[in-house]
Each structure stands twice: as structure tokens, then as C-alpha cells.
């Protein structure tokens, strides 16, 4: 513990975020559901982008685009 003397630690904080689903995401999901997934309702792995660089007062964003299914 003595090695950390003089350092101050800040508390871990979480920021609320809003989601943004691109039109291309919905199109790709529709194509996957009709042609590949069909009646399969198991969870799928997708990727999105989290952005927290907006001015203060604006929520962070999680964006899903057409490329979300390219895993």
C-alpha cells in the first residue's frame, strides 16, 4: 500500500447512453432473418460502436450499423 502514497483515485462512474440503429442495420437484420435465421431465435453475436465524445449534457451513443453482423 505504501507504493500508492500520493496518488488519488477517482470513483468509477457510469454514463447513461442512448442507442441509434442505422437504417442499414434494419435492412441487414431483415435479410438475415428471412434468408438465414428464419425461425431460429437464439441470441446472435453482433458488433456496435460506443461513442462518448459529445459535449457534456448529451448522452453517449451505442450505434448499430449494417456491418454489425460482420463477425
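Residue numbers (the numbering used here): 3 to 73. All residues carry an ideal CB built from backbone N, CA and C; glycine is no exception.
Asked	Found
Sequence-distant residues of the same chain with beta carbon closer than 6 angstroms to residue 52, five excluded per side	64
Cβ-Cβ distance between residue 66 and residue 23 below 8 angstroms	yes
Residues near residue 50 in its chain [Cβ-Cβ closer than 7 angstroms; skip 5 each side]	64, 65, 66 and 70
Beta-carbon proximity check, residue 19 vs residue 62, cutoff 8 angstroms	yes
Nearest-angstrom Cβ-Cβ length linking residue 30 and residue 68, presumed shorter than 8 angstroms	5 angstroms
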